[in-house]
Amino acid sequence: MPQVPWPNPAPFFLSAGPVGCLLVHGLTGSPPEMRPMGEYVFERGLTVSGPRLAGHGTTPQDLARTTWQDWYASVETAYIELEQECAEIFVTGFSLGALLAVHLAVRRDVSGLILISPAFWVGDWRIHVTPLLRHVIRFVPKDLSRENSDLADPEARTRFWSYDVHSTEAGYQTLMLQRVTRSELRRVLQPALVVYAVRDQRIAPYSGPRTYEQLAAPDKEQLVLHKSGHGIVVDSESEFLFRQVHHWISAPRGAAP
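Throughout, our numbering is defined as the position within the sequence shown, counted from one, plus 1.
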């Protein structure tokens, strides 16, 4: 089958106050993984946008036809739409979404960044052979028994809508995006919160700490979780995460440089 048919992969928009929160999902995923956080902050007065990245939420073949620039265009379009309603916009990116959030922050007047399970460095060596592999094999089946094996909550996987294969082209595009955005970390001056889990088996163990260290933002914090896996946004500590994110967004701070 082309995808795991769990929650509806449609984008969402929840209108409330003048402070906005743009929620960017991860690779092969879709907006539902960000919806619980979106509803939490919406209920506390934030306007929320959860866009669907190009090539996601449809078929793996669609994903294989996209580039990282297409993914970024989805984020930028959603940002511009949110800008029509909000005076401040905080961008939350999960996994691949964290890379796209950074790419946006160095180009737009983002009020702040929340980078969750940031995939600037990943643990899977196969990503480094995608420049060649993509010309030979289009898709690699996911081992669903291991894909989210680091999740503490057994129900967490039901909160994802994701393809059941990896696109080698999408892996290559991710590699290219990593190379671009790693160098952009030192250009991010907006307030930033970096969130990662010590049990995360998807990104490299040093990805979270290194992301925090390389951000140029003078106002930055990190939140380390000890019970969750890579999918922090839906795992056992998600409610705690949502509270911390809302508290961080609501905290008074000076204008970004």
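Ideal Cβ placement from N, Cα and C applies to all residues, glycine included. Quick caveat: nothing in here was measured; it's all calculated off a predicted structure.
C-beta contact flag for residue i and residue j at 9 Å
| i | j | result |
| --- | --- | --- |
| phenylalanine 140 | histidine 104 | no |
| leucine 224 | tyrosine 197 | yes |
| histidine 97 | threonine 169 | Reading off the sequence, residue 97 comes out as leucine, not histidine. Cβ atoms of leucine 97 and threonine 169: not closer than 9 Å. |
| valine 189 | alanine 217 | yes |
| glycine 21 | phenylalanine 91 | yes |
| proline 8 | valine 25 | no |
| glutamate 34 | valine 235 | yes |
| tryptophan 122 | leucine 194 | no |
| arginine 200 | histidine 227 | yes |
| valine 49 | phenylalanine 13 | yes |
| valine 107 | glutamate 222 | no |
| alanine 99 | isoleucine 117 | yes |
| glycine 113 | arginine 211 | no |
| proline 142 | aspartate 125 | no |
Element boundaries [alpha helix (DSSP H), containing residue i]
| i | result |
| --- | --- |
| proline 37 | 36-43 |
| tyrosine 173 | 169-185 |
| threonine 212 | 208-215 |
| proline 253 | Proline 253 -> no alpha helix (DSSP H), and no H or E assigned at all. |
| glutamate 77 | 69-84 |
| proline 61 | 61-65 |
Terminal residues of the beta strand (DSSP E) in which residue i lies
| i | result |
| --- | --- |
| alanine 198 | 193-198 |
| leucine 226 | 221-226 |
| leucine 133 | Not the beta strand (DSSP E): leucine 133 falls in the alpha helix (DSSP H), residues 131-134. |
| proline 142 | 140-142 |
| glycine 21 | 20-25 |
| leucine 15 | 13-15 |
| glycine 51 | 48-51 |
Contact belief for residue i with residue j at Cβ below 8 Å, rounded distance in angstroms
| i | j | result |
| --- | --- | --- |
| valine 111 | glutamine 191 | 5 Å |
| tyrosine 80 | leucine 101 | Rounded, the Cβ-Cβ distance is 10 Å, inconsistent with contact. |
| glycine 261 | tryptophan 162 | Look at the range of the chain in this structure, 2 to 258, and you will see that residue 261 is not part of it. |
| proline 10 | glycine 58 | 3 Å |
| proline 119 | glycine 209 | 6 Å |
| threonine 67 | leucine 23 | Going by Cβ atoms, the distance from threonine 67 to leucine 23 rounds to 19 Å, so no, they are not a contact pair. |
| alanine 17 | leucine 54 | So it is not a contact: roughly 24 Å between Cβ atoms. |
| glutamate 238 | serine 251 | Going by Cβ atoms, the distance from glutamate 238 to serine 251 rounds to 20 Å, so no, they are not a contact pair. |
Distance cut-off 8 Å: residue i Cβ against heavy atoms of the ligand NAP
| i | result |
| --- | --- |
| serine 112 | The ligand NAP is not part of the structure shown, which contains no ligands of any sort. |
- Task: Flag this pair as touching only if the segment 81-89 and the segment 61-73 have three or more C-beta atom pairs under 8 Å; answer yes or no.
- Result: no
- Taking only runs of the beta strand (DSSP E) that begin and end inside the segment 86-114, which ones reach a length of at least 3 residues, in chain order? 89-95
- Message: Would you call the segment 235-254 in contact with the segment 35-54, where contact means no fewer than 3 C-beta pairs closer than 8 Å?
- Response: yes
- Report yes or no: do three or more beta-carbon pairs, one from the segment 176-187 and one from the segment 124-132, lie closer than 8 Å? yes
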